[in-house]
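The sequence shown begins at 22 in the working numbering and counts up one residue at a time. Backbone N, C-alpha and C fix where the C-beta goes; we use that ideal spot for every residue, glycine too. Fair warning: this is a prediction, and the values are worked out from it, not measured in the lab.
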Amino acid sequence: MMYRTTFALFFGTLSLLAASEPTEPELPLQQLRETTLVATRSERELMKTPGSITSINYDSFAREGVNNAGDVARYQTGISIPFEFSGGDSLVPYRGSGFTNYRMRGVEGNRVLLMIDGIRQPAQIDGAGGNGRDYFDPGIFERVEILRGSGSSLYGSDAMGGVVSFETRSLEEELEASERPWLLNNRLAYQSANKEFSHVLNAGLREGPWYVTLSNALRSGEETENDKGEIAANPLDSWSKHLLGKISYHMDEAQQLTFTAEHFNREQDTDLDSLKSNGDGVSSLQTVLAETIADDSRTRYSIEYQDSKAHALWDHLSVKLYYQYSETNTETNTQTRFANILSRDRTDEIQFAQSALGLATQFTKEYQSFGMEHSFIYGIESSAENAQNTFTRTDRALGGSAPVERPAFDEAELGRYDLFFQNLTTKDRWLFQAGLRLGYYEILPANSDDFLNQTNAPEASPDYSKFSISPSASIQHELNDASVLWARYAKGIRNPSAEDYVGFFNHSATGAYFSQIPNPNLEEESSDSFDLGIKYASKSLELELTTYYTLYDGFISLETIGQEAGPPVTEIQQARNIGEVEIYGIDLRADYQLGAISDALSGYSTGLNLSWADGHNKTTDDNVNTVDPFEAVLHFGYDSIDSETPWGLRLYGTYRAEKKDTTRDYAYYVPPASFVLDLTGYWSLSENISLNFGLSNLTDERYWIWSSSSSTDHESLTSEYSVQPGLNGFLSLNIKL
C-alpha cells in the first residue's frame with residue numbers, strides 16, 4: 022500500500038512541475054549559486070546535480086547552536102546519530118561514551134563514510150570500550166555535505182550507505198576580498214543543557230603569495246542534563262580542543278601548495294552512578310566506586326598540490342599525501358563490597374589506536390565530442406592502515422593478581438588500493454553520469470601472542486583480500502528552467518573492519534554469559550541502490566522529492582550462533598553475513614518565501630522536511646531496527662534582511678513517530694511519538710558584531726529519540742537515562758575584526 026502511495030505522490034508532483042512554468046523567470050535554475058562537491062567529486066550547482074544531497078554551512082552551524090556531532094543534522098530528517106554513554110551496560114562498565122556515526126536510510130556505523138577534507142576518518146569500534154567517530158569539533162568546519170545513498174563508486178568501501186563530508190575552514194577567499202592582510206573572527210557561546218562554554222577563533226594572514234589560516238575550538242562542559250528523567254544523568258566533566266592550521270603557497274596563477282595540520286583532543290571524567298548498587302556491603306553486594314576517565318585524540322598532517330594549468334591529460338590536477346593517527350584511552354575503576362569485605366578493586370585500561378598513511382590523486386579533463394560536453398574525472402587512491410587494541414585488567418582485592426592482557430581484536434594491517442573513473446556528459450537539457458571504481462582491500466592479522474594466548478582464545482586468522490567493482494550511473498533532464506528530473510543507480514560495498522574480522526571478546530570467565538569470536542569466513546557486504554527524484558527552484562520556492570529502494574546482500578550482523586555448557590551457560594556470538602535486507606522510503610524538502618503571495622509577507626518564510634522509510638530482512642522475514650521512524654520538521658521564520666541591523670527568528674516543530682515495526686525478538690524500550698518546538702534567532706548589532714540565540718524544547722516536553730534510546734548490546738537499559746533535555750537554550754556572540 023505504501024509503495025502505491027509513495028509513487029502516486031512522486032508522479033503527481035512530477036506532472037505538476039513539468040506542466041508549470043517558473044513564475045520568476047528572472048532567476049532561472051542555472052543562476053543558483055549553492056554548490057556541491059560530494060556527489061560528483063567536482064563542484065556543481067546543488068540543484069543541478071543528480072542525487073539526494075544536503076549542504077550545511079558555517080553560518081547555519083552558528084544560527085542553530087551546533088556544538089557537537091549530534092547537532093550537525095538536527096533539523097535534517099532522515100539523518101540521525103546514535104549516542105551511547107559510559108555506564109549504560111553493567112556487563113561492560115568500561116564501554117566508551119559519545120556519538121557513534123551518522124545513520125541514514127536505515128544503515129549506520131562503518132556503512133556510512135565519514136571524511137574530513139577528503140580523508141576517511143577512523144573506523145567505529147563497537148566492542149569492549151569501543152568508541153564512535155566524533156573526533157572533531159564542528160566549530161572548525163566551513164560546511165558539511167551529506168550524500169544519501171551509496172557513494173562507493175566515488176569513495177570506495179564504507180560508503181555503501183552514504184557519505185558525510187566535512188570541509189575545514191579556510192579564510193583564503195575572505196583575505197583576497199579584504200583590503201587588510203589579516204582577519205580575526207571570534208565566537209563565544211554558552212549552552213545551558215550541559216553548562217558548556219565554548220570559544221571558536223578563526224584567524225587569517227596574507228603576505229604576497231602566502232595565505233595562513235589558524236582555527237581553534239575550545240569547549241568545557243558537564244553532563245547533558247536529564248531534568249525530564251526520573252534518574253539523574255551520570256556526573257561528567259568534559260574538556261576538548263580542536264586546532265587547525267593551513268599554510269597555502271600560490272606558486273603562480275595555476276599552481277598551489279597547501280599544508281594542513283589538525284589536532285583534536287577530548288577528555289571526559291565520568292562518575293558511573295548508574296552502576297552503583299544500593300546494597301549494604303554486608304549481606305548484599307554494594308558497588309561503592311565506579312568511574313571512568315576517557316581521553317580521545319586525532320592528529321592529521323596533509324600536503325596537497327593543485328595545478329589548474331591545461332595539459333594533454335588533465336585540466337586540473339590534485340595530489341594529496343596525508344598521515345592520520347587516532348587514539349582512545351579509557352581507564353575504568355570499580356570497587357565492590359560484600360560481607361563487609363572489599364570483594365573487587367579493579368582497573369581496566371583500554372586503548373584503541375588507528376593510523377593511516379595515504380595518497381590520493383584526482384585528474385579532471387574537460388572536452389567536447391559529437392556536440393556534447395564531457396567532464397572526465399579519474400584518479401588513484403591508496404592507504405596503508407593499522408588498527409590495534411590493548412586491554413589490561415588489574416585486580417587488587419582479595420590478594421590481587423598480576424595485570425592480565427585481553428585485547429578485543431588482533432592487531433592488523435589494512436590496505437586499500439583503488440582506481441576510479443567518472444564521466445559527466447551534458448547535451449542541451451540532458452546530463453549523463455557514469456562511474457566505475459576498481460578496488461582491492463586486504464586485512465593482514467598479526468596473530469600476536471597477546472591475542473592468541475588469552476583464555477578461550479580463537480585460532481590464528483588467515484589474511485583477508487577482496488577485489489571489488491563498484492559502478493554507478495545517473496541521468497538527469499531539465500524539464501524547464503526551474504525543474505530537474507533525475508534517476509540514479511549505484512553499487513555499494515563494505516568490506517569487514519578489523520574488528521569484524523578478528524574481533525574477540527570473552528566474558529564467560531567473569532560470569533557475564535557471552536563471548537564474541539572472530540569469523541575468518543566473512544565476505545564483503547554489497548548493495549544496489551535506486552533513486553528517483555525531482556528538484557524545483559525558483560525565486561520563491563525550492564522543492565526536492567526523492568524516492569529510493571536499496572537491496573543489501575551479505576549484511577554483516579553480530580549473531581548468536583550457539584551456547585557453551587556451564588555453569589555458567591555462555592552465549593557464543595559471531596559477526597556473520599546474514600543475507601538480504603531491503604530498505605525503501607521517501608524524502609521531501611520544501612522551502613517557500615511567503616513574500617511571493619503578498620508584499621506584506623516579505624521576509625516571512627516557511628518550509629517542511631520529512632522522511633519515511635521501511636525495511637525488511639528478507640532472509641529472516643523480519644523488520645530492521647536501524648530504520649528510524651517517520652520524522653517531519655516544519656519551520657516558520659522571519660528575516661529583516663533590508664534592515665541596517667538585520668535580525669531574524671525561526672520556529673521549528675519536530676514530529677517523531679513511534680517505532681512500530683521492530684524485530685519480533687526486540688525487548689527494549691520503544692519511545693512514544695513526540696512533538697517538540699524550538700526557536701532560534703540572530704541579530705546583527707553592527708557589521709562586525711552579531712548575536713545568535715535559541716531555546717530548545719519550548720514546551721518542556723518529556724521525549725526520546727529512537728536512535729539513542731533503542732537498546733544496548735546486552736541488557737535492557739532504563740529509558741530514564743536517555744530522556745532528552747527539557748527547556749534549554751544557547752547564546753553566542755560573534756565578533757569580526
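### Task
Consult DSSP for Asp471 and reduce its assignment to one of helix, strand or coil.
helix
Inset, instruction - Would you mind stating whether Lys512 and Ser186 have Cβ atoms separated by less than 8 Å? - result: no
Q) Assuming Met136 contacts Val87 under a Cβ cut-off of 8 Å, what Cβ separation, rounded to an integer in Å, is found between them? A) So it is not a contact: roughly 18 Å between Cβ atoms.
Are three or more beta carbon pairs between the segment 319-332 and the segment 279-293 nearer than 8 Å? yes
### Query
Using 8 Å as the threshold, is the segment 219-228 in touch with the segment 189-208, meaning 3 or more CB pairs across them?
yes
- request: Give the secondary structure of Gly747 by DSSP, where H, G and I count as helix, E and B as strand, and everything else as coil.
  value: coil
Taking contact to mean at least 3 C-beta pairs separated by less than 8 Å, is the segment 501-511 in contact with the segment 557-567? yes
Going by alpha carbons, who is nearest to Arg723 out of Trp335, Ser695, Gly583 and Asn749? Ser695
Is Pro483 near Pro539, with beta carbons less than 8 Å apart? no
Within 10 angstroms of the Cβ of His332, are there 16 or more other Cβ atoms? Answer buried if so, exposed if not. exposed
Report the three-state DSSP secondary structure of Ile161 (helix, strand or coil).
helix
One question on the structure: do Ile514 and Glu544 come within less than 8 Å of each other, judged by their Cβ atoms? no
### Query
Does DSSP put His332 in a helix, a strand or coil?
coil
Pairwise C-alpha distance: Val645 and Thr684:
6 Å
TODO: Look at the Cβ atom of Ser489, then the Cβ atom of Tyr462, and state whether they are nearer than 8 Å.
DONE: yes
request  = Give me the Cβ distance between His271 and Phe157, rounded to the nearest whole Å; I'm assuming they're in contact under 8 Å.
outcome  = Going by Cβ atoms, the distance from His271 to Phe157 rounds to 28 Å, so no, they are not a contact pair.
Self-check item: DSSP three-state assignment for Trp725, whether helix, strand or coil
Solution: coil
Item to complete: Less than 8 Å between the CB atoms is what I'm expecting for Ala315 and Gln289, so what's the real figure, rounded?
Response: 5 Å
What are the start and end residues of the beta strand (DSSP E) that includes Ala418?
Where Ala418 is concerned, there is no enclosing beta strand (DSSP E), given that its DSSP letter is neither H nor E.
Margin query: Counting C-beta neighbours from all protein chains within 10 Å, is the total for Ala408 16 or more, i.e. buried, or is it exposed?
Written below: buried
**Prompt:** Hey, how far is the Cα of Thr640 from the Cα of Phe104?
**Reply:** 29 Å
Which one or two residues does DSSP pair with Ser661 in a beta bridge?
Ser661 is not bridged to any residue.
| Buried/exposed call for Ile662, threshold 16 Cβ in 10 Å | exposed
Quick check on the DSSP output: the beta strand (DSSP E) that includes Glu520 runs from which residue to which? Taken as a continuous stretch (DSSP letters only), Glu520 belongs to no beta strand (DSSP E), being part of the alpha helix (DSSP H) at Ala519 to Val523.
Exercise. Would you call the segment 416-433 and the segment 469-476 touching, i.e. three or more CB-CB distances under 8 Å?
Worked result: yes
query = Per DSSP, which one or two residues make a beta bridge with Met136?
reply = Arg141 and Ser186
| task | Starting from Ser695, trace the beta strand (DSSP E) both ways and give me its first and last residue. | result | Ser695 to Ser705
Quiz prompt | Three-state secondary structure assigned by DSSP to Asp290 | solution = strand
Hey, how far is the Cα of Ser73 from the Cα of Leu168? 6 Å
| query | If you run the structure through DSSP and keep just helix, strand and coil, what is Asn206? | reply | strand
Whether or not the segment 329-347 and the segment 369-384 are in contact is what I'm after, with contact meaning three or more pairs of Cβ atoms, one per stretch, closer than 8 Å; do they touch? yes
In the DSSP assignment, the alpha helix (DSSP H) including Ala83 goes from what residue to what residue? Tyr79 to Arg84
Is it the case that the segment 604-612 contacts the segment 564-573, given that we only count it when at least three CB pairs across the two stretches are under 8 Å?
yes
Item to check | the segment 412-421 / the segment 384-404 touching (three or more Cβ pairs under 8 Å) | outcome: no
Measure the alpha-carbon distance for Ser76 versus Thr57 and round it to whole angstroms.
-> 7 Å
Kindly indicate the opening and closing residues of the beta strand (DSSP E) around Glu387. Ile362 to Ser390
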